[in-house]
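Undergrad:
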Amino acid sequence: MIEAFVFLVSAVVGSFLNVCIHRIPSGQSVAFPASHCPHCSTPIKPWDNLPILSYVILRGRCRQCETPISARYPLVEALTGIAGVATLTAFGPTPQALLLFAFLCALIVITFIDLDHQIIPDVISLPGILVGLSAAFVLGHPNWFDSALGILVGGGILWGIAEAYYRFTGREGMGGGDVKLLAMIGAFLGWRAIPVTLMIASLTGTVLGVALMLKRGEGRQLAIPFGPFLAAGAVVALFAGESLIDWYLNITRI
Ligand SMILES: [Zn+2]
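To convert, take the position in the sequence shown, counting from 1, and add 108; that gives my numbering.
#1: Kindly list the residues whose CB is nearer than 8 Å to the CB of Phe-347, restricted to its own chain and excluding five residues on each side of it in sequence; keep chain order.
#2: According to DSSP, what are the bridge partners of Arg-169?
#3: Does any heavy atom of ligand 1 sit closer than 6 Å to the C-beta of His-130?
#4: For Ile-359, count neighbouring C-beta atoms within 10 Å of its own C-beta (all shown protein chains included) and say buried if the count is 16 or more, exposed if not.
#5: Here's a check: name, in chain order, each residue in its chain whose Cβ is nearer than 7 Å to the Cβ of His-225, leaving out the five neighbours to either side.
#6: For ligand 1, is there a heavy atom less than 6 Å away from the beta-carbon of His-147?
#7: Name the residue from Arg-167, Gly-298, Asn-126, Thr-188 whose alpha carbon lies nearest to the alpha carbon of Pro-250.
#8: What residue range does the alpha helix (DSSP H) around Arg-131 cover?
#9: Which runs of the alpha helix (DSSP H) spanning at least 4 residues fall entirely within the stretch 236-321, listed in chain order?
#10: State the DSSP-derived secondary structure class of His-147, mapped to helix, strand or coil.
#11: Starting from the Cα of Leu-289, find the closest Cα among Gly-135, Leu-166, Leu-338, Glu-350 and give me that residue.
#12: Tell me the rounded alpha-carbon separation between Ser-143 and Phe-124.
#13: Determine the DSSP secondary structure at Ile-228, reduced to helix, strand or coil.
#14: Hey, is Thr-175 close to ligand 1, as in C-beta under 6 Å from one of its heavy atoms?
#15: Run through DSSP, which three-state label would Lys-323 get?
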């Protein structure tokens, strides 16, 4: 019962994340004006703004102009709902769970903005670094030293890779946005989460990149945003990092 309630409340947060994804890249306010149809500008009635449910009831169309609504809206709401239930299940009703839910919300917004615009907004990652570090001081999980080291290791590794890539190829391979994102992940999860995050991100990124290239038959210039893969890596590190490391140590001990 409590899970269903947490899912619903989180999904409502998810509908706010949709607004963030939509408005942050163009520098619009996320608070005003109220949600409206991007096509006909009709304000959306509260009862047509219920997470996931309204999409189903309206059969994915605006009530006024019947323009199709992107399936991404209910998807983001469902993802946020799952994030809420997952953090509660893993960390119990604690301030830690609430903080990590906020962290996952930031990752969701970053993922979809990066997919759309190939940018990771500083207005999310930079305050994120600060929030992660401050929370480590207060909650001690990870402790502030692990968090500070996470910022340095996370940001440092990607900055180094980007710099080396640029020196060798003369091309910008990775954006500064990715550097700041991994620093933020390090701030929230501590430096120990960085190797797992990077490994999962590179693995999934490479597999998907190769699959896309094979499908489209394009050359090596295909630009794939790395942010969503870093976010996926962070989620794995958060929920399965410890067991992954144990598993790895076990199989290498043979
Ligand atoms: Zn409309």
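Note that the Cβ used here is the ideal one computed from N, Cα and C, for glycine as well.
TA: This is what the structure gives:
#1: In its chain, beyond the 5 residues on either side, Ala-194, Ala-198 have a beta carbon closer than 8 Å to the beta carbon of Phe-347.
#2: Pro-176.
#3: His-130 Cβ: outside cutoff for every heavy atom of ligand 1.
#4: With fewer than 16 other Cβ atoms within 10 Å, it is exposed.
#5: Here the set comprises Pro-133.
#6: His-147: yes, Cβ under 6 Å from ligand 1.
#7: For the residues Arg-167, Gly-298, Asn-126, Thr-188, the minimum Cα distance to Pro-250 belongs to Gly-298.
#8: Secondary structure note for Arg-131: its alpha helix (DSSP H) is the uninterrupted segment 110-131.
#9: Here the runs fully enclosed are 252-277, 284-297.
#10: The three-state reading of DSSP puts His-147 in coil, since its state is none of H, G, I, E or B.
#11: Of the listed residues, the one whose Cα sits closest to Leu-289 is Leu-338.
#12: About 9 Å.
#13: If DSSP states are grouped into helix, strand and coil, Ile-228 belongs with coil.
#14: Yes, ligand 1 has a heavy atom inside 6 Å of this Cβ.
#15: Lys-323 falls in the helix class under three-state DSSP.
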